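Residue numbers (numbering that gives the first Met the number 0): 0 to 246.
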Amino acid sequence: MKVLVVGASGATGRLLVKELLARGLSVLAIVRSAQRFLQAVGNHDRLSVLEAAVLDLSQEQLEQCVGGCQAVASCLGHTLSFKGVYGSPRRLVAETTRRLCEALKAIRAERPAKFVLMNSTGCRNHDIGESVSLPERCVVGLIRLLVPPHRDNELASAYLRREVGQGDEGLEWVVVRPDGLVDAERVSKYEIHPSPIRSAIFDSGKTSRINVAHFMASLLCEQSLWETWQGRTPVVYNVASGEADAG
0 MKVLVVGASG ATGRLLVKEL LARGLSVLAI VRSAQRFLQA VGNHDRLSVL
50 EAAVLDLSQE QLEQCVGGCQ AVASCLGHTL SFKGVYGSPR RLVAETTRRL
100 CEALKAIRAE RPAKFVLMNS TGCRNHDIGE SVSLPERCVV GLIRLLVPPH
150 RDNELASAYL RREVGQGDEG LEWVVVRPDG LVDAERVSKY EIHPSPIRSA
200 IFDSGKTSRI NVAHFMASLL CEQSLWETWQ GRTPVVYNVA SGEADAG
């Protein structure tokens with residue numbers, strides 16, 4: 000299998016690329032700086048790199064990128080700087096998701112392509128009745144107005160849930176929702192839930208980036224796991240050390 004990874008130069012994206020390569024998959028990474036990316040992940044005979052801003056690519060170029068791939072994984076996010084949060088493009092994740100999905104549909108592969116989107120527990124899936132308290136709704140409403148990347152992530156998830164939906168013949172998807180992202184040196188025990196089990200605002204948990212990368216790679220490599228979560232928005236939490244010892 001060959002996987003196109005966007006957002007590959009980010010903290011989670013780099014880990015995902017390494018995990019996919021370690022599992023024997025081929026990877027095409029679209030990054031702004033090939034040199035910095037390769038310094039971080041190293042050269043590999045199953046790794047191809049395209050240096051570009053993904054939204055600067057034409058639709059024909061995107062179709063060429065996905066043409067040899069059976070899956071797409073997006074770890075795209077906004078840089079944590081004033082320009083990254085409030086500058087253009089405001090809809091980086093949502094627009095990239097839409098255009099890549101359209102490219103995947105256009106190539107008309109024999110089998111449905113897989114699309115995995117890294118998102119956030121702050122983006123609730125109201126299509127399955129996920130509810131939040133009034134105080135949390137108020138805070139999220141303010142975040143939606145004041146922090147544009149949050150709305151961008153919401154729109155990206157909504158596009159897959161509502162526009163692509165469950166019955167598309169050419170495309171299947173999973174939206175992966177980690178809680179508060181933290182760094183860790185190695186994969187640890189983690190648990191997957193269909194919906195958040197705690198408040199993303201008032202009682203957030205922790206999810207290591209390397210665990211997110213491991214789960215995303217597992218989705219693409221393990222068909223039974225994919226079938227479990229296809230068309231759903233699973234939430235990833237680290238298992239606390241005490242809980243892991245008890246288990």
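For each residue, glycine too, the CB sits at the ideal point set by N, CA and C. Since this is a predicted model, take the numbers as computed values, not measurements.
Here Val234 has Thr120, Arg176, His192, Pro195 as same chain residues with Cβ atoms under 6 Å from its own Cβ, once five neighbours each way along the sequence are excluded. Between Leu219 and Lys113 the beta-carbon gap is near 6 Å, inside 8 Å, which marks them as a contact. Secondary structure within the region 120–165: not one fully enclosed beta strand (DSSP E) run of 3 or more consecutive residues is present. For the pair of segments examined, the region 87–100 was found to touch the region 142–160: the number of CB pairs separated by less than 8 Å reaches three. Contact check between the region 8–23 and the region 33–46: three or more CB pairs, one atom from each, fall below 8 Å, which counts as touching. Burial of Thr232 is indicated by the presence of at least 16 other C-beta atoms within 10 angstroms of its C-beta.
Scanning its chain for C-beta atoms nearer than 6 Å, with the 5 sequence neighbours on each side dropped, one finds around Leu14 the residues Arg208, Ile209, Ala212, in chain order. Here His125 is exposed, its C-beta having fewer than 16 other C-beta atoms within 10 Å.
By the criterion of at least three beta-carbon pairs nearer than 8 Å, the region 97–105 is not in contact with the region 135–142. Within the same chain, Leu15, Glu18, Leu19, Arg22 come within 7 Å of Ala216 by CB-CB distance, once the 5 residues on both sides are set aside.
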